[in-house]
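Student: Which chain is which? The protein sequence lines are A and B, in order. Quick note on numbering: this note's numbering labels position 61 of the first sequence as 308, and the sequence is numbered without any gaps. Quick note on numbering: this note's numbering labels position 102 of the second sequence as 668, and the sequence is numbered without any gaps. The beta-carbon is built from N, C-alpha and C at its ideal position, and this holds for glycine as well. All figures in this text were calculated on a predicted structure; none of them were measured in a lab.
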Amino acid sequence: MILRTYHSDIFAIFAMPKVKGRIIKGALRIIGAFAATLVFLSAPAYSSEIKEHLLPNGLKIVTLENHKSPVVTFQIWYKVGSRNEVTGKTGISHLLEHMMFKGTPSHGKGEFSRIVSMNGGNENAFTSQDYTAYFEIFSSDRLNISLELESDRMVNLLIDPQEFLLERDVVKEERRLRTEDDPTSSLVEELYAAAFKIHPYHAPIIGWMNDLSNLTREDLYRHYKEYYTPSNATIVIVGDFDTEEVVKNIEKYFGSIPGGSAPPEVRMTEPEQQGEKRFYYKREAQLPYVIYGYQAPNYKDKDHYALDVLSNILSEGKSSRLYQKIVYEKELAIAAGGGFNAIQTDPELFYFYAQLRPERTTAEAESALNSEIEKIKKEPVSDSELQKAKNQIEASFIMGQDSNFYQAMLIGRLETIGAGARYLETYIDEIRKVTAEDIMRIAQKYFTEDHRTVGILVPLSPKNE
Amino acid sequence: MQRCYMTYKLLRTRFVLLLGLVISLLALTSQEILASPKAEPKRVVLDNGIILLITETHALPMVNISVAVKTGAIYDPPGKGGVASLTAILLDEGTKTRTSRQIAEEIDFIGGSLSTSGGMDYSSASLVVLKKDIATGLALLSDILINPVFPEEEVERKKKETLAAILAEKDDPGSVASKAFYKAVFGSHPYGAPPEGNEETIPKISREDLVSFYQKYYTPNNTIIAVVGDVDLKEAVALIEGHFKSWEKKEGQFPDISPVKRLTKRDSILIDKNITQANILLGHTGISRDNPDFYAVYVMNYILGGGGFSSRLTKEIRDNKGLAYGVYSRFDLSKQPGAFAVSIQTKNETARVAIDNILTEIKRIREEQVADEELREAKDYLTGSFPLKLDTNAKIANYVVFMEFYNLGLDYFDQYLKHIASVTKEDILRVAKKYIDTENFVTVAVAQQEKAGLKE
Chain A
248 MILRTYHSDI FAIFAMPKVK GRIIKGALRI IGAFAATLVF LSAPAYSSEI KEHLLPNGLK
308 IVTLENHKSP VVTFQIWYKV GSRNEVTGKT GISHLLEHMM FKGTPSHGKG EFSRIVSMNG
368 GNENAFTSQD YTAYFEIFSS DRLNISLELE SDRMVNLLID PQEFLLERDV VKEERRLRTE
428 DDPTSSLVEE LYAAAFKIHP YHAPIIGWMN DLSNLTREDL YRHYKEYYTP SNATIVIVGD
488 FDTEEVVKNI EKYFGSIPGG SAPPEVRMTE PEQQGEKRFY YKREAQLPYV IYGYQAPNYK
548 DKDHYALDVL SNILSEGKSS RLYQKIVYEK ELAIAAGGGF NAIQTDPELF YFYAQLRPER
608 TTAEAESALN SEIEKIKKEP VSDSELQKAK NQIEASFIMG QDSNFYQAML IGRLETIGAG
668 ARYLETYIDE IRKVTAEDIM RIAQKYFTED HRTVGILVPL SPKNE
Chain B
567 MQRCYMTYKL LRTRFVLLLG LVISLLALTS QEILASPKAE PKRVVLDNGI ILLITETHAL
627 PMVNISVAVK TGAIYDPPGK GGVASLTAIL LDEGTKTRTS RQIAEEIDFI GGSLSTSGGM
687 DYSSASLVVL KKDIATGLAL LSDILINPVF PEEEVERKKK ETLAAILAEK DDPGSVASKA
747 FYKAVFGSHP YGAPPEGNEE TIPKISREDL VSFYQKYYTP NNTIIAVVGD VDLKEAVALI
807 EGHFKSWEKK EGQFPDISPV KRLTKRDSIL IDKNITQANI LLGHTGISRD NPDFYAVYVM
867 NYILGGGGFS SRLTKEIRDN KGLAYGVYSR FDLSKQPGAF AVSIQTKNET ARVAIDNILT
927 EIKRIREEQV ADEELREAKD YLTGSFPLKL DTNAKIANYV VFMEFYNLGL DYFDQYLKHI
987 ASVTKEDILR VAKKYIDTEN FVTVAVAQQE KAGLKE
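#1: What residue does the beta strand (DSSP E) around Phe501(A) start on, and which one ends it?
#2: Which residues in chain A have a C-beta closer than 7 Å to the C-beta of Asn840(B)? List them in chain order.
#3: What in chain A is Cβ-close to Asn1033(B), meaning under 9 Å?
#4: By the DSSP assignment, the beta strand (DSSP E) with Phe897(B) in it spans what residues?
#5: Rounded to a whole number of angstroms, what is the C-alpha to C-alpha distance between Val681(A) and Asp630(A)?
#6: Specify the secondary structure class of Val705(A) as computed by DSSP and reduced to three states.
#7: For Val327(A), which three-state DSSP category applies?
#8: Would you kindly check if the distance between the Cβ of Arg855(B) and the Cβ of Tyr972(B) is under 8 Å?
#9: Need the endpoints of the beta strand (DSSP E) that Gln639(A) sits in, please.
#10: Taking only runs of the alpha helix (DSSP H) that begin and end inside the segment 311-394 of chain A, which ones reach a length of at least 4 residues, in chain order?
#11: Tell me the rounded alpha-carbon separation between Ser432(A) and Arg423(A).
#12: Taking a contact to mean a Cβ-Cβ separation below 8 Å, would you say Leu1020(B) touches Arg918(B) in this structure?
#13: Where do the ends of the beta strand (DSSP E) carrying Met456(A) lie?
#14: Per DSSP, which residues does Asn840(B) bridge with? Please list them.
#15: Of all the alpha helix (DSSP H) runs that stay within the bounds of the segment 632-707 of chain B, which reach a length of 4 or more residues?
#16: Whose C-alpha, out of Val863(B), Glu939(B), Tyr861(B), is nearest the C-alpha of Ile362(A)?
#17: Between the segment 590-610 of chain A and chain B, which residues of the former have a C-beta closer than 7 Å to a C-beta of the latter?
#18: When DSSP labels each residue in this structure, what does Gln1015(B) get in the three-state scheme?
#19: Should Leu626(B) and Asp555(A) be called a contact, given that it needs their Cβ atoms to be closer than 8 Å?
#20: Of all the options Gly305(A), Ser398(A), Gln602(A), which has the alpha carbon lying nearest to the alpha carbon of Ala581(A)?
#21: Can you name the start and end residues of the alpha helix (DSSP H) that Val751(B) belongs to?
#22: Only counting the same chain, and skipping five residues up and downstream in sequence, which positions put a Cβ closer than 6 Å to that of Pro717(B)?
#23: Applying a beta-carbon distance threshold of less than 7 Å, which residues of chain B neighbour Met365(A)?
#24: Report back the beta-carbon spacing between Pro447(A) and Ser329(A) to the nearest angstrom; my notes put them in contact at under 8 Å.
#25: Straight-line CA distance for Phe968(B) to Phe820(B)?
#26: For a contact defined as C-beta to C-beta under 7 Å, what are the partners of Tyr891(B) on chain A?
#27: If you count every other CB in all the chains shown that lies within 10 Å of the CB of Glu766(B), and 16 or more means buried, which is it?
#28: To the nearest angstrom, how far is it from the Cα of Gly904(B) to the Cα of Leu704(B)?
#29: What residue range is occupied by the uninterrupted alpha helix (DSSP H) comprising Thr926(B)?
#30: Tell me which residue opens and which closes the beta strand (DSSP E) that Glu619(A) is part of.
#31: To the nearest angstrom, how far is it from the Cα of Lys444(A) to the Cα of Lys945(B)?
#32: Determine the burial state of Glu817(B): buried for a count of at least 16 other Cβ atoms within 10 Å of its Cβ, exposed for fewer.
#33: For the alpha helix (DSSP H) containing Lys984(B), name the first residue and the last one.
#34: With DSSP as the reference, label Leu847(B) as helix, strand or coil.
#35: Is the segment 945-956 of chain B close to the segment 315-330 of chain A, with three or more CB pairs under 8 Å?
#36: Helix, strand or coil for Val574(A), going by three-state DSSP, please let me know.
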């Protein structure tokens, strides 16, 4: 699955209802902040509304009706990912995600996929650092199939020992495909391993190969029982359906599942870095690659809004600074950019990268990246550059609403990492408030040599050439 | 299609870069796009010959515009592979009145996107803007299509960039395998060469090659424009007419493309690379989009290896044997017969057993009728999933262009449902025998050959 960068996914501003009684119920109103400047606010899409419900067993339901097309996206999000894994057991969340398709007593191996496709649906799942999510996309009248299948596998997963061994092999093939045989992916894996020494973002989502070989069926079953409970899950539905009816049906399918006890908290925090870390990664490859990762804040820190704007200034579109300077003017790289993701449970990295042209050196790329970073720290961005970045973010916010799937992704992610869909209420307002001085200030604050990790891919010539 | 985990977004940089070079031979497995009655576009032919297709969707204040110019790498001059692709990616690198930088600034300032790419059968441009910015967006889109100047400096820059990107692709074993496969299957036919060109051809291309390619093929009467979004029919026609009226109709004779020759021998290409997996492609020539057996082939391929988790290849090779993360079969969608290919990545040591399993499955579908249930499930998916293919403006815009380019008719959706519904298991056996060859095929394996042990 290819996911777009986060800041393009922001789609709407919504106000959340208050909690009332057993079930949270309520409509959303549209925030007026938009109206002052944007004439198209009156467009019908903005009458869409997010609704929240909470079942007594702790299962949260977030819905967004949108009747433009007779389809619906169902997603169920569990608050578990590689962040919840311990040394020696990395990759367990992702392998469990694979096993979730391998059957329960009432739906055997392959049945989930078969039932969904027979009904003209698409289904899949994805695992990240902070979450594991499952989805089905259907014609509107098939939504109950999701409820039946997802409520079953939330509780009754078998994890057959033979199937476990087979699927572990499949995941090892996946790791070979995505990481081992891809120099850039491997470099990124090394970057996270170097930048995070304590926090579990240190380890790759797919897990280290050696850990995969050592995972057992019992490890997975324990993980499943620990994290797959209603109180650790959020259902997100976007598209053509009726919320009231769907909530009733969800209660029917999920209401009797015990809420479960709270899973263990992840308490590791990455200490402040004291001095640049630098590593060289040598392997057969065609082109050198430079990557920086600066310790950055997440959504909990208001600075992230200015960092979002800065991401756009650096690398959104062909007029962005890193493209213009490093790819276009200096002809140093075939690709260059920078950005970060604030929508994480814990703080992540703000990265910069350049994939060099064959005749160029990483020293040249570093010097070009450094001078762009220094420029941001010393000179305020121009009014038009700032306005351009804000326009891009606002346009993406609207265009993102074209896809049910991405809207559901965004809601699911915000809910799961702790920010809540309410984050969207103020997002555009906060972006609008960002000033050129803010950008200079946050650049000075976060882009310090002592807080960065630098990774250099050093290509080796193939032995057989 | 596969269970996946979310990768760091950094990893995508390479793919983003290569978008301009992506091959336009669409695969049946994922690209076949269906219409819904609701999305049936209005078709208008403008005075200068532009075919304009309009679909109104008023849910959001935005507009997607997809353009196809009916030329591509099939018309690359001999020895100059990459001309069509470079022509397309240089359209937005300078016009009579705007520099490359100005074009980028203007589109970025309104938060829109403007992109171009050159494919095998046709070349594309695409514009996405908010409704309030449609005039600005169309001014840019029409300018890059009508008035590109191909500045010498920009041409040289893009040539160097393309060469570096071609070099970077050597780190992608799948891409190495694919290039070798198409070359072996299609030989000197244009489909045998990568549309972006290669190390030998790119340096030979001059600015003049691009200018003359542009002048010959980029004409309004060779162009399809699909508009999808928050505009009504009258408004859309007026806007497109207004912005494109200076583009003058031009008649021209396009060269004939030599027909695709079917393979007459078995061939095996082993490429040694220091990697952990064997990247295997196995297949031969397939069918063209206008082949009357298209729908039967489509359903057959869904059952064999096009249907994701439901396909025989995935069930047998992934689910029952744990040999691979991904195994697929596909028939390329194209004007002339494209490729039939089965692809898999498996650890070097299991390359042989994976190939044997693939051969077993393709023999089976040629020899035994599929089960009734299997056929029913395939048809249920293919007909039932149609609304999912049209649930965003971008999907609709691409579908409309596709429909027009392949002359599928505005009632394609109804036709499609009827055609799928009428496929029988006898049809499936017949087309499997006819279009899959277990004697004459090419096998490409990029692997650590010593471990893979594929040498006969």
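Tutor: Let's see:
#1: Locating residue 501(A) in the first sequence gives position 254, counting from the first residue. Run containing Phe501(A): none in the beta strand (DSSP E); it sits in the alpha helix (DSSP H), 490-501.
#2: Walking along the second sequence from the start, residue 840(B) turns up at place 274. Residues of chain A passing the Cβ test: Glu531, Pro709, Lys710.
#3: As displayed, chain B neither begins before 567 nor continues past 1022, which places residue 1033(B) out of reach and without an answer.
#4: Start at 1 with the first residue of the second sequence, and residue 897(B) comes out as number 331. For Phe897(B), the enclosing beta strand (DSSP E) begins and ends at 893-899.
#5: Residue mapping note: residue 681(A) aligns to position 434 of the first sequence, counting from 1. Residue mapping note: residue 630(A) aligns to position 383 of the first sequence, counting from 1. Val681(A) and Asp630(A) have their alpha carbons spaced roughly 11 Å apart.
#6: As a first step, residue 705(A) is located in the first sequence; it is residue number 458 there, counting from the start. Strand at Val705(A).
#7: Sequence index remark: in the first sequence, residue 327(A) carries index 80 (1-based). Here Val327(A) sits in coil by DSSP.
#8: Residue mapping note: residue 972(B) aligns to position 406 of the second sequence, counting from 1. Residue mapping note: residue 855(B) aligns to position 289 of the second sequence, counting from 1. A Cβ-Cβ contact shorter than 8 Å links Tyr972(B) with Arg855(B).
#9: What you label residue 639(A) is simply residue 392 of the first sequence in a count that begins at 1. Where Gln639(A) is concerned, there is no enclosing beta strand (DSSP E), although the alpha helix (DSSP H) it sits in stretches over 630-646.
#10: Restricting attention to alpha helix (DSSP H) runs no shorter than 4 residues, the segment 311-394 of chain A encloses them at 339-346, 358-365, ordered along the chain.
#11: Here residue 432(A) is taken as the residue at index 185 of the first sequence, counted from 1. Here residue 423(A) is taken as the residue at index 176 of the first sequence, counted from 1. Their backbone Cα atoms lie some 11 Å apart in a straight line.
#12: Here residue 1020(B) refers to the residue found at position 454 when the second sequence is read from its first residue. Here residue 918(B) refers to the residue found at position 352 when the second sequence is read from its first residue. A Cβ-Cβ contact shorter than 8 Å links Leu1020(B) with Arg918(B).
#13: On the first sequence, residue 456(A) is found 209 positions in, with the first residue counted as 1. Per DSSP, Met456(A) belongs to no beta strand (DSSP E); it is in the alpha helix (DSSP H), 456-461.
#14: If you number the second sequence from 1, residue 840(B) lands on position 274. When DSSP reads this structure, Asn840(B) sits in no beta bridge, so it has no partner.
#15: Entirely contained in the segment 632-707 of chain B, the alpha helix (DSSP H) runs reaching 4 residues are, in chain order, 649-656, 666-675.
#16: As a first step, residue 362(A) is located in the first sequence; it is residue number 115 there, counting from the start. Considering only alpha carbons, the answer is Glu939(B).
#17: Of all residues in the segment 590-610 of chain A, Tyr598, Tyr600, Gln602, Arg604, Pro605 have a Cβ within less than 7 Å of some Cβ in chain B.
#18: Translated into positions along the second sequence, residue 1015(B) becomes position 449. The three-state secondary structure of Gln1015(B), taken from DSSP, is helix.
#19: The residue given as residue 626(B) occupies position 60 in the second sequence. The residue given as residue 555(A) occupies position 308 in the first sequence. No, the Cβ-Cβ distance between Leu626(B) and Asp555(A) is not below 8 Å.
#20: Within the first sequence, residue 581(A) is the residue found at index 334, counting from 1. Looking at the sequence shown, residue 581(A) is not Ala but Ile. Distance check between Ile581(A) and each of Gly305(A), Ser398(A), Gln602(A) places Gln602(A) closest, using alpha-carbon atoms only.
#21: Within the second sequence, residue 751(B) is the residue found at index 185, counting from 1. Per DSSP, Val751(B) belongs to the alpha helix (DSSP H) from 739-752.
#22: Position 151 of the second sequence, counted from the start, is the residue given in the question as residue 717(B). Taking C-beta separations shorter than 6 Å and ignoring five residues to either side along the sequence, the partners of Pro717(B) in its chain run Gly660, following chain order.
#23: Translated into the one-based positions of the first sequence, residue 365(A) becomes position 118. By Cβ distance, chain B contributes Glu943, Asp946, Tyr947.
#24: Numbered from 1 along the first sequence, position 200 holds the residue referred to as residue 447(A). Numbered from 1 along the first sequence, position 82 holds the residue referred to as residue 329(A). Confirmed, Cβ separation roughly 6 Å.
#25: Your numbering for residue 968(B) matches position 402 in the second sequence. Your numbering for residue 820(B) matches position 254 in the second sequence. Approximately 21 Å between the Cα atoms of the pair.
#26: Stepping through the second sequence from its first residue, residue 891(B) is reached at position 325. Residues of chain A passing the Cβ test: Val417, Glu420, Glu421, Leu424.
#27: Mapped onto the second sequence, residue 766(B) falls at position 200. Exposed.
#28: As a first step, residue 904(B) is located in the second sequence; it is residue number 338 there, counting from the start. As a first step, residue 704(B) is located in the second sequence; it is residue number 138 there, counting from the start. Linking Gly904(B) to Leu704(B) through their CA atoms gives a straight-line distance of about 34 Å.
#29: Your numbering for residue 926(B) matches position 360 in the second sequence. For Thr926(B), the enclosing alpha helix (DSSP H) starts and ends at 917-933.
#30: For the purposes of this step, residue 619(A) is identified with residue 372 of the first sequence, where counting begins at 1. Element bounds for Glu619(A): not the beta strand (DSSP E) but the alpha helix (DSSP H), 609-625.
#31: Residue 444(A) sits at position 197 when you count from the first residue of the first sequence. Residue 945(B) sits at position 379 when you count from the first residue of the second sequence. Cα to Cα, the separation comes out at about 52 Å.
#32: Here residue 817(B) refers to the residue found at position 251 when the second sequence is read from its first residue. Glu817(B) comes out exposed.
#33: Walking along the second sequence from the start, residue 984(B) turns up at place 418. In this chain, the alpha helix (DSSP H) harbouring Lys984(B) covers 978-988.
#34: Here residue 847(B) is taken as the residue at index 281 of the second sequence, counted from 1. Leu847(B) falls in the strand class under three-state DSSP.
#35: Three or more Cβ pairs drawn from the segment 945-956 of chain B and the segment 315-330 of chain A lie within less than 8 Å of each other, which places the two stretches in contact.
#36: Here residue 574(A) corresponds to residue number 327 of the first sequence, with the count starting at 1. It is helical.
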